[in-house]
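Visitor: Top to bottom, those sequences are chains D and A.
Letter by letter, the first sequence follows residues 9 to 366 in the numbering used here.
Letter by letter, the second sequence follows residues 36 to 588 in the numbering used here.
Here a beta-carbon is modelled for each residue, glycine too, at the ideal position from N, C-alpha and C.
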Amino acid sequence: MAQVRLKNIRKSYGNHVALKDISLDIESGAFFTLLGPSGCGKTTLLRAIAGFHQQDAGEIYLGQQSIGHLGANKRNVGMVFQDYAVFPHLNVFDNVAFGLVQQKVPANEIRQRVLSILETVQLGQLAKRMPHQLSGGQQQRVGLARALVIRPKVLLMDEPLSNLDAKLRVDLRRDIRLLQQELGITTVYVTHDQEEALSISDQVCVMHDGVVQQVGSPWVIYNRPSNRFVASFVGANNFFALDPVGESRVRLMGQEVDVPDVVRGRGRIVASVRPEKVFVNQSLGGQGWQFDGVLRQASFTGRELQLSVDVPGHGLLDALTAPSESMVALKPGQSVRLAFLAADTLYFAEGDTGALLS
Amino acid sequence: MTSRLPAARIEFWSVVMGVSIAVIGLLLIWPIAQVLVLGFLHPETQTFTLANYAKVLTHRYYLGALGNTLIIGIGGMVGACLLGIPLAYCTARYVVKGRSLIATLAVLALVSPPFIGAYSWVVVLGNNGWLTQHMKALGVALPTIYGIHGIILVFSLKFFPFVYLMTESALRNINRSFEEAAENLGCSRLERLFKVTLPLVFPAISSGAILCFVLSIADFGTPSIIGRDFRTLSTIAYNQYTSEMGGPPTMAVSISMLMIVMSMLAVLLQRHLMSKRRYAGSLTNLTVPKVCHGAFGVFVHALCYAIVALATLPIAVVVYTSFLQTSGPVFTGGFGLNSYARVIQEVPDAIANTFKFSLIATVLITVAGGLISYIIVRRETRLSGLLDTVLMVPYVVPGVVMAIGFLLTFNQGALDLVGTGAIIVLILFIRRLPYGVRATSSVLRQIKPSIEEAAISLGASPARAFFKVTVPLMMPGVIAGAMMSFITAINELSSTLLLYTARTATMPVRIYSAVLDGEFGIAAALSTILLVSSGLCVFVVLRFSRSKEGNFV
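This is the structure:
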């Protein structure tokens with residue numbers, strides 16, 4: 009059953025509509041991520057659940073309880089902030105104990121619970137430290153412990169990793185996920201980092217312009233994006249137009265080819281193929297298309313080789329391949345042959361949020 | 036700093052360093068050392084003794100004054116907090132109409148001469164004050180302004196802008212997430228205020244509060260005008276000094292040391308409290324002031340305006356009084372310019388002296404302050420660190436004490452300056468130099484050395500880079516600092532009162548004696564001239580400086 013249920017949430021600021029009729033069910037124990045570019049409404053939605061924004065319309069349920077009109081201090085939801093918000097005038101212990109003191113938990117129980125959660129977030133040795141003596145990563149662990157120790161019904165996290173440097177971000181991301189699974193706590197997580205969203209979540213909710221675009225598992229979001237916005241925002245992608253030429257033929261990057269079955273009779277549409285599905289100087293193992301182009305740029309990142317190829321009649325097409333010595337030896341200006349399978353191609357209706365056609 | 040500096044420039048800054056140390060040694064260290072030593076000398080035999088201090092610390096007369104000073108210091112500080120913190124909270128957290136007017140009025144109250152407050156409250160609530168008289172006609176006997184509560188009232192209303200301005204800017208710079216986190220963890224509005232918001236701005240509050248304490252215990256004009264028989268350390272130090280004329284002022288000096296020790300303890304206490312707290316402000320996620328409606332909105336506005344109205348009442352009273360028609364010292368009813376005419380006839384020198392001395396002192400402070408702050412900020416050596424620390428001293432040394440030190444130092448031979456204008460210029464200079472240094476160094480700290488280095492890498496010589504890049508960037512801070520120095524200089528009383536002669540009397544000195552003589556018209560006219568001058572400087576600062584009210588604290 010759903011732990012967090014949002015029904016028809018609306019919120020606007022003056023003329024700007026931040027949330028347009030959002031309804032979501034978040035399963036108990038799920039790691040649920042709100043993903044989208046800045047201004048998409050993800051933070052507004054999270055803050056509405058926390059109670060920092062009052063929604064204009066709609067209802068919020070935590071389990072069976074309607075919390076939409078409770079003050080933020082009465083909701084019993086844990087919140088982890090982007091800028092940590094670790095109280096600088098209190099030491100680590102007192103920061104973590106803050107919510108328990110508010111709940112008037114007996115002192116010895118507070119002590120026990122705080123020390124135990126500090127062990128869990130690997131800060132057991134630092135209970136007496138002041139926040140300014142901690143690194144950013146440690147401060148965010150304090151923030152996490154402080155939110156978890158009150159045993160909230162749901163844990164809210166607002167871009168908790170975005171102020172940390174890259175390596176630390178990945179480490180803490182892993183720890184957060186392990187801890188979340190161990191505690192089985194329902195978590196709503198906000199991020200604009202699509203890789204982070206895919207790697208950490210049970211369910212990803214992609215938002216754009218105050219509207220939910222798609223909710224699904226990371227696999228579904230990446231491989232079966234429901235519309236063109238999701239396909240372009242999550243992961244890298246190549247888009248190209250299919251222009252109808254007569255009844256059964258379309259123009260695809262300068263070539264006239266047979267219209268794929270799924271889009272027959274749809275008129276002008278847009279197709280996409282992920283760069284890692286583009287083969288370079290390799291023969292196709294199935295039905296698909298081939299193009300000749302000129303290499304513009306190659307960048308070798310160790311794990312992979314990224315190629316940017318100018319295809320006549322289209323423009324630049326990106327390909328991502330496993331690096332080999334012969335591939336890395338390719339120079340800009342050289343001709344290369346690109347190919348991809350029809351099966352790896354997705355088709356969308358026209359427009360920024362044109363729906364997936366299948 | 037860049038590694039390759041022309042030799043001439045190094046020498047220039049070394050010379051600046053040497054001259055700074057010599058000047059500070061002569062004008063600051065030596066006079067205070069004299070005061071310090073004199074306190075340990077027997078008044079007649081000139082031998083070492085602890086008797087002076089023993090007397091000060093055991094005699095009821097002195098202990099009473101010590102206790103009184105503590106009471107008015109703490110009273111002024113608490114009163115200033117009670118006015119300043121709520122005002123700051125209202126203007127920082129709610130949309131208050133006319134916020135900049137409120138800030139400007141608070142600044143005006145701050146820069147008006149301290150004794151104007153005392154004198155104006157006498158005009159309003161003194162034995163013959165108009166409110167007292169009016170209420171008496173209605174059959175209501177108002178409590179007298181004279182006495183300890185009057186002093187505390189005047190101090191609270193005079194010094195609260197320090198607490199207000201510091202706390203307000205701190206409140207505005209609090210990261211919004213802290214308060215949200217507190218709310219998320221179960222705090223109500225009120226709990227949040229006391230458990231998170233106020234502790235977060237405690238450094239600012241305590242800085243403002245300590246400043247109020249130090250200024251309250253050092254103030255001489257207010258307790259001497261409305262204290263009546265209420266003795267404080269600063270009034271008895273002054274009285275002791277004037278009665279010890281001829282002999283060495285050992286008792287005055289011993290009392291003075293007590294005041295310095297109190298101020299220093301207060302500052303050290305505040306530093307100690309602050310050392311455990313290092314909060315970096317965040318400028319990214321700030322609280323947005325809330326619009327408040329209905330009764331609460333009316334309450335917030337009423338509170339804000341009531342506080343600044345009370346604080347600026349003395350200014351209004353002074354200006355109003357200055358335009359009352361007089362005949363000699365007597366108000367004859369109606370309006371007129373008699374008071375101004377008498378000022379011009381009787382004490383024209385005071386006006387000329389004030390502006391002459393203050394202008395010279397300001398120029399000196401600006402030049403020296405700019406050079407010294409460059410040394411402190413950009414050439415971090417042990418010596419420049421020492422310079423920075425020594426410049427803290429004038430903050431805690433009351434004007435009366437500094438004046439006694441000057442009289443002990445500059446009284447013979449080539450250094451015999453007693454009775455000259457130079458001694459007044461010098462005391463204004465040394466007392467306000469730290470403020471000038473602080474104003475420019477805070478600007479300088481915000482100018483990254485890389486900006487100067489960029490100019491050098493583009494081909495400018497280091498000197499050219501300094502004058503073409505750094506100096507223009509420093510100018511707003513330098514101008515604001517100069518204006519502040521000028522304002523404090525023209526309003527200076529506690530030190531000049533011991534140093535003036537008939538030829539070198541300044542406006543504040545004349546106002547003080549006019550008030551004591553009951554010449555309220557002259558006092559009001561002179562005060563108005565001071566107020567207008569201060570107000571013009573405030574206008575310049577607000578007009579040309581980016582951090583606005585921040586310059587005044």
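Quick one: Cα of S147 (chain A) to Cα of V54 (chain A), how far?
Guide: 34 Å
Visitor: Using 8 Å as the limit for Cβ to Cβ distance, is F60 (chain D) near chain A?
Guide: yes
Visitor: Using a cut-off of 7 Å between C-beta atoms, extract the partners of G221 (chain A) located in chain D.
Guide: The answer, in chain order, is N81, G107, Q110 and Q111.
Visitor: Y88 (chain A) to S269 (chain A), Cα distance in whole Å?
Guide: Approximately 16 Å between the Cα atoms of the pair.
Visitor: Give the interface partners of L235 (chain A) over in chain D, defined as CB-CB distance under 9 Å, in chain order.
Guide: Within 9 Å Cβ-Cβ: F95, P96 and H97.
Visitor: Would you report the Cα separation of G107 (chain D) and I120 (chain A), rounded to the nearest angstrom?
Guide: 26 Å
Visitor: Looking only at DSSP bridge pairs, what is M87 (chain D) linked to?
Guide: D:L164
Visitor: Hey, is V231 (chain A)'s beta-carbon within less than 8 Å of any beta-carbon in chain D?
Guide: By this cut-off, V231 (chain A) is an interface position.
Visitor: Could you give the distance in angstroms between the alpha-carbon of H216 (chain D) and the alpha-carbon of N245 (chain D)?
Guide: 18 Å
Visitor: When the Cβ atoms of the region 132–148 of chain D are set against those of the region 97–111 of chain D, are three or more pairs found closer than 8 Å?
Guide: yes
Visitor: Could you check whether the Cβ of F213 (chain A) sits closer than 8 Å to any Cβ belonging to chain D?
Guide: It does: the Cβ of F213 (chain A) has a partner Cβ on chain D nearer than 8 Å.
Visitor: Decide yes or no for the touch test of the region 329–345 of chain A against the region 222–233 of chain A: beta carbon pairs closer than 8 Å, at least 3 of them.
Guide: Cβ pair count under 8 Å is below three, so no.
Visitor: Just grab the DSSP bridge partners of E67 (chain D) for me.
Guide: The partner list for E67 (chain D) (beta bridge, DSSP) reads D:K15.
Visitor: Are the C-beta atoms of I158 (chain D) and some chain A residue less than 8 Å apart?
Guide: It does: the Cβ of I158 (chain D) has a partner Cβ on chain A nearer than 8 Å.
Visitor: Would DSSP call H24 (chain D) helix, strand or coil?
Guide: strand
Visitor: Is the beta carbon of V472 (chain A) less than 8 Å from the beta carbon of M518 (chain A)?
Guide: no
Visitor: Spell out a yes or no on whether the region 203–217 of chain A and the region 158–165 of chain A are touching, meaning 3 or more CB-CB pairs, one atom from each, closer than 8 Å.
Guide: Contact between the region 203–217 of chain A and the region 158–165 of chain A is absent, because fewer than three Cβ pairs lie under 8 Å.
Visitor: Check whether chain A comes within 8 Å of M87 (chain D), counting only Cβ atoms and requiring the distance to be less than that.
Guide: yes
Visitor: Excluding the 5 residues flanking I19 (chain A) on each side, which residues of the same chain have their C-beta closer than 7 Å to its C-beta?
Guide: As displayed, chain A neither begins before 36 nor continues past 588, which places residue 19 (chain A) out of reach and without an answer.
Visitor: Please name the residue or residues paired with E264 (chain D) in a DSSP beta bridge.
Guide: D:R259
Visitor: Closer than 7 Å by beta-carbon distance: list the chain A residues that pair up with H91 (chain D), in chain order.
Guide: Per the sequence shown, the amino acid found at residue 91 (chain D) is Asp instead of His. Correct list: N210, S212, S317 and N320.
Visitor: Taking 8 Å as the cut-off, does the region 103–121 of chain D touch the region 152–160 of chain D (at least 3 CB pairs, one atom from each stretch)?
Guide: Touching, yes, given that three or more Cβ pairs across the two stretches are closer than 8 Å.
Visitor: For a test of the three-state rule: what should DSSP assign to T361 (chain A), helix, strand or coil?
Guide: T361 (chain A) carries a strand assignment under DSSP once its states are collapsed to helix, strand and coil.
Visitor: Straight-line CA distance for P268 (chain D) to A330 (chain D)?
Guide: 29 Å
Visitor: R207 (chain A) to R128 (chain A), Cα distance in whole Å?
Guide: When rounded, the distance between both Cα atoms is 8 Å.
Visitor: Could you work out which residue in A:V382, A:A100, A:P66 and A:L71 is closest to T541 (chain A) when comparing CA atoms only?
Guide: Looking at the Cα atoms, A:V382 is the closest of the given residues.
Visitor: Please state whether the Cβ-Cβ distance between Y214 (chain D) and F248 (chain D) is less than 8 Å.
Guide: Note on identity: in this sequence residue 214 (chain D) is Val, with Tyr being the wrong assignment. For V214 (chain D) and F248 (chain D), no; Cβs fall outside 8 Å.
Visitor: Measuring alpha carbon to alpha carbon, tell me which residue in A:S408, A:H169, A:S529 and A:T523 is nearest G434 (chain A).
Guide: A:S529
Visitor: Give me whichever residues DSSP pairs with T270 (chain A) in a beta bridge.
Guide: BP columns for T270 (chain A) are empty, so no partner.
Visitor: Within 10 Å of its beta-carbon, does L173 (chain A) have 16 or more other beta-carbons around it, so buried, or fewer, so exposed?
Guide: Here L173 (chain A) is exposed, its C-beta having fewer than 16 other C-beta atoms within 10 Å.
Visitor: Would you say A239 (chain A) reaches chain D, if we count a Cβ-Cβ gap shorter than 8 Å as a contact?
Guide: By this cut-off, A239 (chain A) is not an interface position.
Visitor: Tell me whether A363 (chain D) is buried or exposed, calling it buried when 16 or more other Cβ atoms sit within 10 Å of its Cβ.
Guide: exposed
Visitor: Can you give me the Cβ contacts of Y154 (chain A) inside the same chain, cut-off strictly under 7 Å, excluding the 5 residues immediately before and after it?
Guide: I260, V550 and A558
Visitor: Since M292 (chain A) is in the alpha helix (DSSP H), which residue starts that stretch and which ends it?
Guide: T285 to S310
Visitor: Can I67 (chain A) and V428 (chain A) be called in contact, C-beta distance under 8 Å?
Guide: yes
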